[in-house]
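*Asks:*
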């Protein structure tokens with residue numbers, strides 16, 4: 001969609017369509033959850049600003065002047081940043097296995113995106129687009145941690161609220177973009193692209209990710225972001241006819257091993273319950 005859908009327009013319409021999708025599903029829960037949503041409006045505004053409205057805009061603007069490789073490498077920093085910010089700001093305890101697991105999966109990401117040539121990272125050219133993506137990466141790491149303080153409402157009510165607030169935040173930027181003469185080139189491809197982004201990376205992905213943070217914590221849930229470049233490589237093999245090579249296999253093993261390594265370990269008491277317990 002590059003060249004056909006400007007960055008803010010893509011962000012605005014992805015969340016507008018996602019809001020249309022979530023509204024009928026969230027409606028039965030909103031009446032009950034509305035008082036809690038109003039009471040926690042500051043948290044909702046932070047979630048909407050950090051992880052919904054600005055992250056996508058910064059990523060799309062950054063990709064206009066940088067490469068996909070640079071973007072993927074910088075987004076791979078989200079799990080370590082979540083762990084670091086949680087340790088510094090929230091006093092999270094970080095175990096050595098968790099650190100080793102994140103590091104191992106990060107190596108796997110680099111194996112995939114550099115095609116098994118990590119020394120290529122020494123030749124990455126930096127430009128303003130990289131700075132924008134880096135700011136977006138920091139915002140998304142903070143978003144993952146703020147999710148731990150999310151209002152105790154139904155997951156669909158949370159999506160409705162964050163999507164709606166994000167649209168309010170994006171609307172002025174969208175009007176400025178239109179006034180500058182940057183408009184969507186309407187075509188079957190651009191409309192299909194916007195629809196795809198609204199359904200999968202917006203509505204479904206955020207629903208699953210928010211729930212994942214709720215169940216497993218921000219640090220562990222964010223580590224699964226390392227699987228994205230691996231999925232991209234596999235889809236390129238399946239859909240674009242690219243070859244599956246040794247660096248893909250190495251990345252697969254390292255990423256999955258890192259995720260398993262950082263999994264919470266049961267305590268001895270949990271593994272050997274006292275006699276007489278059910």
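Numbering (the UniProt record's numbering), first residue to last: 1 to 278. A virtual CB, placed ideally from N, CA and C, is assigned to each residue, including glycine. These figures come from a predicted structure and were not determined experimentally.
1) Let me know the secondary structure DSSP gives residue 154 once reduced to three states.
2) What ranges does the alpha helix (DSSP H) occupy inside the stretch 63–141, keeping only unbroken runs of at least 4 residues that lie completely in it?
3) Residue 74 to residue 82, Cα distance in whole Å?
4) What number of angstroms, rounded off, separates the C-alpha of residue 18 from the C-alpha of residue 102?
5) If you draw a straight line from the C-alpha of residue 240 to the C-alpha of residue 232, how long is it?
6) Should residue 7 be labelled buried (16 or more other beta-carbon atoms within 10 Å of its own) or exposed?
7) Does DSSP put residue 245 in a helix, in a strand, or in coil?
8) Determine the DSSP secondary structure at residue 276, reduced to helix, strand or coil.
9) Where residue 202 and residue 15 are concerned, what is the direct C-alpha to C-alpha distance, given to the nearest angstrom?
10) Closer than 6 Å by C-beta to residue 62: which residues in its own chain qualify, once you throw out the five before and the five after it? Chain order, please.
11) Work out the CA separation of residue 220 and residue 261 for me, nearest whole Å.
12) By Cβ distance below 7 Å, which residues in the same chain neighbour residue 185 in space, the five residues on each side in sequence not counted?
13) Pairs of beta-carbons, one from the stretch 111–122 and one from the stretch 33–45, closer than 8 Å: are there three or more?
14) Going by the beta-carbon positions, is the gap between residue 254 and residue 210 smaller than 9 Å?
15) Given residue 275, which residues of its chain have a CB within under 7 Å of its CB, disregarding the five upstream and five downstream residues?
16) Taking only the alpha-carbon atoms, compute the straight-line gap between residue 27 and residue 10 and give it to the nearest angstrom.
17) Taking 9 Å as the cut-off, decide whether the C-beta atoms of residue 141 and residue 113 are in contact.
18) Buried or exposed: where does residue 145 fall if 16 or more other Cβ atoms within 10 Å of its Cβ makes it buried?
19) Taking C-alpha atoms, which residue in 72, 159, 105 and 23 lies nearest to residue 206?
20) Buried or exposed for residue 243, please, with buried defined as at least 16 other CB atoms from any protein chain shown within 10 angstroms of its CB.
21) Can you tell which of 22, 2 and 1 has its C-alpha closest to the C-alpha of residue 162?
22) Could you check whether residue 229 and residue 72 sit closer than 9 Å to each other, using their CB atoms as the reference points?
23) Starting from the Cα of residue 58, find the closest Cα among 127, 136, 194 and 48 and give me that residue.
24) For residue 261, which three-state DSSP category applies?
*Replies:* From the atom records:
1) coil
2) Complete alpha helix (DSSP H) runs here, min 4: 68–75, 78–90 and 96–113.
3) 13 Å
4) 31 Å
5) 11 Å
6) buried
7) coil
8) The predicted model places residue 276 with a pLDDT of 42, which falls under 50 and marks its position as unreliable, so this point remains unresolved.
9) 7 Å
10) 129, 132 and 133
11) 11 Å
12) 4
13) no
14) no
15) Confidence is the limiting factor: at residue 275 the pLDDT is only 38, short of 50, which leaves the residue's position unreliable, though a coordinate-based value still follows. Closer than 7 Å at Cβ, skipping near neighbours: no residue.
16) When rounded, the distance between both Cα atoms is 25 Å.
17) Not closer than 9 Å, so no.
18) Counting Cβ neighbours within 10 Å, residue 145 comes out buried, since at least 16 surround it.
19) 159
20) exposed
21) Of the candidates 22, 2 and 1, the residue whose Cα lies closest to the Cα of residue 162 is 22.
22) yes
23) Check the Cα spacing between residue 58 and each of 127, 136, 194 and 48: the tightest is with 136.
24) In the displayed model, residue 261 falls within a helix according to three-state DSSP.
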